[in-house]
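Undergrad: Dropping a structure here in structure tokens format, bear with me for questions.
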Amino acid sequence: MTDRSLVLKELSQLIGDNSQAILSANAMDVEAYSGDDKALYDRLKVDDIKIANMMKSLLESAEMPLPDGKVLYEYHREDGLHISNATVPFGTILIIYESRPDVTVEAAAMAFMSGNKILLKGGKESKLTNLFLTSLWHQALRHNGYESSWVTYLDLTRQETQALIADKASGIDLIIPRGGDALIQFVTNQAYAPVMVSGRGNNFMYLHADADTDMAIRLMLDGKERISVCNALDKIIIHRSLATETDLIKRLIFALTSSGIECTGNEDICCYSEDIKNDQEESTLYEEFLAKRVHLILADCVEEAIEMINKYSGGHSSVIVSGDDNIVGQFMNKVDSAAVYHNASSRFTDGSQFGLGGEIAISTQKLHFRGPVGISQLVTNKWFVFGNGQIRK
Numbered sequence: 411m412t413d414r415s416l417v418l419k420e421l422s423q424l425i426g427d428n429s430q431a432i433l434s435a436n437a438m439d440v441e442a443y444s445g446d447d448k449a450l451y452d453r454l455k456v457d458d459i460k461i462a463n464m465m466k467s468l469l470e471s472a473e474m475p476l477p478d479g480k481v482l483y484e485y486h487r488e489d490g491l492h493i494s495n496a497t498v499p500f501g502t503i504l505i506i507y508e509s510r511p512d513v514t515v516e517a518a519a520m521a522f523m524s525g526n527k528i529l530l531k532g533g534k535e536s537k538l539t540n541l542f543l544t545s546l547w548h549q550a551l552r553h554n555g556y557e558s559s560w561v562t563y564l565d566l567t568r569q570e571t572q573a574l575i576a577d578k579a580s581g582i583d584l585i586i587p588r589g590g591d592a593l594i595q596f597v598t599n600q601a602y603a604p605v606m607v608s609g610r611g612n613n614f615m616y617l618h619a620d621a622d623t624d625m626a627i628r629l630m631l632d633g634k635e636r637i638s639v640c641n642a643l644d645k646i647i648i649h650r651s652l653a654t655e656t657d658l659i660k661r662l663i664f665a666l667t668s669s670g671i672e673c674t675g676n677e678d679i680c681c682y683s684e685d686i687k688n689d690q691e692e693s694t695l696y697e698e699f700l701a702k703r704v705h706l707i708l709a710d711c712v713e714e715a716i717e718m719i720n721k722y723s724g725g726h727s728s729v730i731v732s733g734d735d736n737i738v739g740q741f742m743n744k745v746d747s748a749a750v751y752h753n754a755s756s757r758f759t760d761g762s763q764f765g766l767g768g769e770i771a772i773s774t775q776k777l778h779f780r781g782p783v784g785i786s787q788l789v790t791n792k793w794f795v796f797g798n799g800q801i802r803k
């Protein structure tokens with residue numbers, strides 16, 4: 411067991427021992443929140459389940475192999491020069507996030523286990539919870555011989571944050587904005603250091619002509635189980651034959667509305683149910699709802715569905731429900747998303763569900779990594795060249 415693992419195991423124990431204090435701090439944050447954003451409220455509130463998940467994530471992460479120091483490539487030249495390429499930590503990572511106290515635990519665990527220091531900039535709405543969790547981090551670090559600077563919480567204003575991320579001398583090697591479009595745009599517009607974009611969903615599901623109706627409904631309801639997460643389902647594309655030749659639309663609408671989920675769609679699909687609210691705006695197709703709502707669309711073929719997903723989705727997660735191997739293969743290879751699913755819920759796009767122990771973010775970029783970013787992905791590489799006086803002639 412590594413020293414880093416011991417820190418995570420001790421932190422898990424400290425969180426369990428101080429669960430009531432965490433809940434008390436969070437209760438004050440929740441009471442002070444005066445907004446009406448249900449998704450933000452869901453992310454902000456900590457309960458016994460979230461505490462248990464924090465502890466579980468730490469213990470799982472503690473068992474992960476350390477990713478730094480792995481030799482990726484070696485080359486021995488005839489002149490005796492030994493060249494190798496190995497993984498190394500980024501250095502210092504800044505994560506800016508909204509309302510989720512569990513990120514204070516999980517993101518810092520990912521960074522620390524991969525050998526990185528982390529700066530945590532949480533939202534003001536979760537300040538008290540975040541500060542208390544950070545104090546537990548410091549206890550676990552110091553008790554195991556590490557300086558508390560490995561995990562630093564930044565209590566900064568928006569203006570102070572802007573100045574920090576724009577400062578080329580800040581010492582920050584990577585910035586991760588984890589939140590909505592406004593936060594991502596703010597960081598990408600202002601940051602000097604490289605930015606890894608994370609957090610935006612707007613996920614699509616496509617039901618092909620042969621889709622199993624019962625399975626499709628089950629996957630849709632699971633996709634809307636939580637509205638505040640980036641792996642939630644927002645859009646459902648239905649092959650036109652399912653609307654014209656089966657009772658799928660009626661069954662689907664009944665299942666969704668019975669669960670309190672609002673259904674919208676354009677004129678093309680509204681004629682199949684009076685419970686589908688007419689929405690003709692193209693901007694809706696780009697929108698991540700973070701609400702109990704789905705938008706329904708008809709498509710004539712898998713190619714049309716793929717084109718629509720690649721144009722409008724957030725590039726996060728996409729699902730196909732079908733039993734046709736050729737159609738499934740076409741969809742999964744051509745859809746440009748970080749994670750593509752066949753007959754499974756988009757809600758599995760999560761570091762812990764993918765066996766990573768947790769995640770610092772879910773990247774929708776293609777560089778340097780895509781999808782759930784865990785311990786193994788929070789490294790870069792470096793060349794090590796050993797010689798004894800060689801020169802290049």
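In the numbering used here, each number is its position in the sequence shown, counted from 1, plus 410. We put the beta carbon where it would ideally sit given N, CA and C, even for glycine.
#1: Measuring alpha carbon to alpha carbon, tell me which residue in C673, E420, L504, Y556 is nearest L564.
#2: W793 bridges to which residues according to DSSP?
#3: Would you kindly check if the distance between the Cβ of I493 and the Cβ of L593 is under 8 Å?
#4: Please return the same chain residues whose Cβ sits closer than 6 Å to the Cβ of S728, not counting the five positions on each side in sequence.
#5: Spatial neighbours of T667 within its chain, please: CB distance less than 6 Å, with the 5 preceding and 5 following residues excluded, ordered by chain position.
#6: Check each candidate in L491, T514, E484 and name the one with the smallest Cα separation from Q800.
#7: Give the DSSP-derived three-state secondary structure of I679 in the structure shown.
#8: So, using beta-carbon positions, are V440 and K419 closer together than 8 Å?
#9: So, with DSSP's three-state summary, where would you put P782?
#10: Taking C-alpha atoms, which residue in Q430, F796, I730 lies nearest to H486?
#11: What three-state label does DSSP hand N526 in the structure shown?
#12: Once DSSP output is grouped into helix, strand and coil, what is the label at H705?
#13: Please name the residue, chosen from Q549, E557, V597, that lies closest to Y570 on a Cα-to-Cα basis.
#14: Could you please give the first and the last residue of the uninterrupted beta strand (DSSP E) stretch that includes F699?
#15: In whole angstroms, what separates the C-alpha of G739 from that of C711?
#16: How many Å lie between G581 and L574 at the Cα?
#17: Please tell me whether G611 and N641 are closer than 8 Å, where the distance is taken between their beta carbons.
#18: Give every residue of the same chain whose Cβ lies closer than 7 Å to the Cβ of I627, excluding the five residues on either side of it in the sequence, and list them in chain order.
#19: Which whole-angstrom value describes the C-beta separation of L652 and A621, a residue pair presumed to lie in contact below a C-beta threshold of 8 Å?
#20: Out of E655, K721, S467, D632, which has the shortest C-alpha to C-alpha gap to S762?
#21: Considering Cα atoms alone, identify which of K645, K578, K537, E698 is closest to S434.
#22: Please classify D446: does DSSP put it in a helix, a strand, or coil?
#23: Which residue from L695, R780, A431, E769 puts its Cα closest to that of T539?
#24: Tell me H649's beta-bridge partners as DSSP assigns them.
#25: First and last residue of the beta strand (DSSP E) that includes M615?
#26: Look at N357 and N495 and say whether their C-beta atoms are less than 8 Å apart.
#27: What span of residues does the alpha helix (DSSP H) with V605 cover, start to end?
#28: Residue range of the beta strand (DSSP E) that L584 falls in?
#29: Round the Cβ separation of S756 and L643 to the nearest angstrom and send it over; I've been treating them as touching at under 8 Å.
#30: From I425 to N554, what distance separates their C-alpha atoms?
#31: For K645, count the other beta carbons within 10 Å of its own beta carbon; 16 or more makes it buried, fewer makes it exposed. Which is it?
#32: Alpha carbon to alpha carbon, how far is L629 from D734? Give it in angstroms, no decimals.
#33: Quick check: the Cα distance between R414 and E672, rounded to an integer number of angstroms?
TA: Per the coordinate set shown:
#1: Stepping through the sequence shown from its first residue, residue 564 is reached at position 154. Relative to the Cα of L564, the nearest Cα in the group C673, E420, L504, Y556 belongs to L504.
#2: Residue numbering aside, residue 793 sits at position 383 when the sequence shown is read from its first letter. According to DSSP, W793 bridges with N495.
#3: Locating residue 593 in the sequence shown gives position 183, where the first residue counts as 1. Locating residue 493 in the sequence shown gives position 83, where the first residue counts as 1. 8 Å or more divides the Cβ of L593 from the Cβ of I493.
#4: Within the sequence shown, numbered from 1, the residue matching residue 728 stands at position 318. Cβ neighbours of S728 beyond the five flanking positions: F614, I719, V745, S747, V750.
#5: Taking the sequence shown and counting its residues from 1, one reaches residue 667 at position 257. Around T667: D685.
#6: One-based indexing of the sequence shown puts residue 800 at position 390. Ranked by how close their Cα comes to the Cα of Q800, the residues L491, T514, E484 have L491 in first place.
#7: Your numbering for residue 679 matches position 269 in the sequence shown. Under the three-state reduction of DSSP, I679 is assigned to helix.
#8: By one-based count along the sequence shown, residue 440 stands at place 30. By one-based count along the sequence shown, residue 419 stands at place 9. Contact annotation: V440 and K419 have beta-carbon atoms that are not nearer than 8 Å.
#9: As a working note, residue 782 is residue 372 in the sequence shown. Strand.
#10: For this step, residue 486 is matched to residue 76 along the sequence shown. It is F796.
#11: Residue mapping note: residue 526 aligns to position 116 of the sequence shown, counting from 1. Collapsing the DSSP output to three states places N526 in coil.
#12: Here residue 705 refers to the residue found at position 295 of the sequence shown. In the structure shown, H705 falls within a strand segment according to DSSP collapsed to helix, strand and coil.
#13: By 1-based counting over the sequence shown, the position of residue 570 is 160. This sequence places Glu at residue 570; Tyr is not what is there. Ranked by Cα distance from E570, the first of Q549, E557, V597 is V597.
#14: Residue 699 sits at position 289 when you count from the first residue of the sequence shown. DSSP places F699 in no beta strand (DSSP E); its state is neither H nor E.
#15: Against the sequence shown, residue 739 aligns to sequence position 329. Against the sequence shown, residue 711 aligns to sequence position 301. Their Cα atoms are separated by approximately 14 Å.
#16: If you number the sequence shown from 1, residue 581 lands on position 171. If you number the sequence shown from 1, residue 574 lands on position 164. Distance from the CA of G581 to the CA of L574, rounded to the nearest whole angstrom, comes to 10 Å.
#17: Against the sequence shown, residue 611 aligns to sequence position 201. Against the sequence shown, residue 641 aligns to sequence position 231. N641 is positioned such that its CB atom lies closer than 8 Å to that of G611.
#18: Counting from one through the sequence shown, the residue named residue 627 turns up at place 217. Taken in chain order, the residues that qualify are R661, L662, A665.
#19: If you number the sequence shown from 1, residue 652 lands on position 242. If you number the sequence shown from 1, residue 621 lands on position 211. With a Cβ gap of about 7 Å, L652 and A621 count as contacting.
#20: Along the sequence shown, read from residue 1 onward, the residue named residue 762 stands at position 352. Considering only alpha carbons, the answer is S467.
#21: What you label residue 434 is simply residue 24 of the sequence shown in a count that begins at 1. From the listed residues K645, K578, K537, E698, the smallest Cα separation to S434 is found for K537.
#22: Translated into positions along the sequence shown, residue 446 becomes position 36. DSSP places D446 in the coil class of the three-state scheme, outside both helix and strand.
#23: For the purposes of this step, residue 539 is taken as the residue at position 129 of the sequence shown. Residue A431 is the option with its Cα nearest to T539.
#24: Residue numbering aside, residue 649 sits at position 239 when the sequence shown is read from its first letter. H649 pairs with A709.
#25: Sequence index remark: in the sequence shown, residue 615 carries index 205 (1-based). The continuous beta strand (DSSP E) containing M615 extends over residues 613 to 617.
#26: Past the boundaries of the shown model lies residue 357; the chain is included only from 411 to 803, so the question cannot be answered.
#27: For the purposes of this step, residue 605 is taken as residue 195 along the sequence shown, with counting starting at 1. Here V605 belongs to no alpha helix (DSSP H), and DSSP marks it neither H nor E.
#28: Counting from 1 along the sequence shown, the entry for residue 584 is found at position 174. In this chain, the beta strand (DSSP E) harbouring L584 covers 584 to 588.
#29: Translated into positions along the sequence shown, residue 756 becomes position 346. Translated into positions along the sequence shown, residue 643 becomes position 233. Between L643 and S756 the Cβ distance is about 5 Å, and since that is below 8 Å, they are a contact.
#30: Within the sequence shown, numbered from 1, the residue matching residue 425 stands at position 15. Within the sequence shown, numbered from 1, the residue matching residue 554 stands at position 144. One C-alpha to the other measures close to 16 Å.
#31: Your numbering for residue 645 matches position 235 in the sequence shown. Buried, by the Cβ-count rule.
#32: By one-based count along the sequence shown, residue 734 stands at place 324. By one-based count along the sequence shown, residue 629 stands at place 219. For D734 and L629, the distance between alpha carbons rounds to 18 Å.
#33: Reading the sequence shown from its first residue, position 4 is the one you call residue 414. Reading the sequence shown from its first residue, position 262 is the one you call residue 672. Using only the alpha carbons, I get a separation of about 46 Å.
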